[in-house]
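Heads up: the structure comes next, in C-alpha cells.
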Amino acid sequence: MHLGELALVSIYPGEGGFCVSFRKKLKMEDIGLLVALVFYVIVGIICFAVLAISDFRLIHISIIGILSLIAAYGLLKSRVWTLWIVVALFFIATTFSVYMLYSAFQKDLLLDVSVIAYLVLTWVFTAYTAAKREALES
C-alpha cells in the first residue's frame, strides 16, 4: 500500500483500515481511549521537549510530563489506577493552565491558544476516561 492509498483507507471496523489494524495491534477496543492515549503521549513528549529547550528547574512541567506518560501507559495496559492519574493530571493541568493564562494573557497569541487547547482537551479526556472507567477494570 502506498501513501495515496493510505489516505483513502477507512477507519471503520468492518473495512480493515490502517487505524483499525493499529488499534488491534495495541489491543484497544475503544477508539476514544486510543485517542486519549495518544494525547497523553504527545503532552509528555512536549513537556520533556520544553524542559530540554528551556530550564530543567521547571519542576511543574516535568511532573506534568511524567504523569502524562504514566497515564498513557495505564491506558495502554488498561490499568485500574489510570483514572487516579488522569484525575490528578486534571487538577494539575487546570491549575497550570489558569496560571499561564493569567500571567501571560495577550502577550503571545500562540501560547494563549495552545494553553486553552491543552486545558479543553484535558477536560475532555478526563471526562471520557471517567465515563469509560469500566473498560479500565478489565
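The sequence shown lines up with residues 436 to 573 when you count with our numbering.
In this text, a Cβ means the ideal position worked out from N, Cα and C, and glycines have one as well.
All values derive from a computational prediction rather than experimental measurement.
- In the structure shown, the three-state DSSP call for SER489 is coil.
- Sixteen is the threshold: when 16 or more other Cβ atoms of the shown chains lie within 10 Å of the Cβ of VAL478, as they do, the residue is buried.
- Taken through DSSP and simplified to helix, strand or coil, ARG514 comes out as coil.
- Residue range 544–566 is occupied by the alpha helix (DSSP H) that includes ASP547.
- When rounded, the separation of the alpha-carbon atoms in ALA566 and SER513 is 14 angstroms.
- For the 9 angstroms CB-CB criterion, TRP558 and THR530 do not form a contact.
- Assignment of GLU572 by DSSP, reduced to helix, strand and coil, places it in the coil class.
- DSSP, reduced to helix, strand and coil, places PHE483 within a helical segment of the structure shown.
- Below 8 angstroms, too few C-beta pairs join the stretch 530–547 and the stretch 514–522 to call them touching: fewer than three.
- PHE540 carries a coil assignment under DSSP once its states are collapsed to helix, strand and coil.
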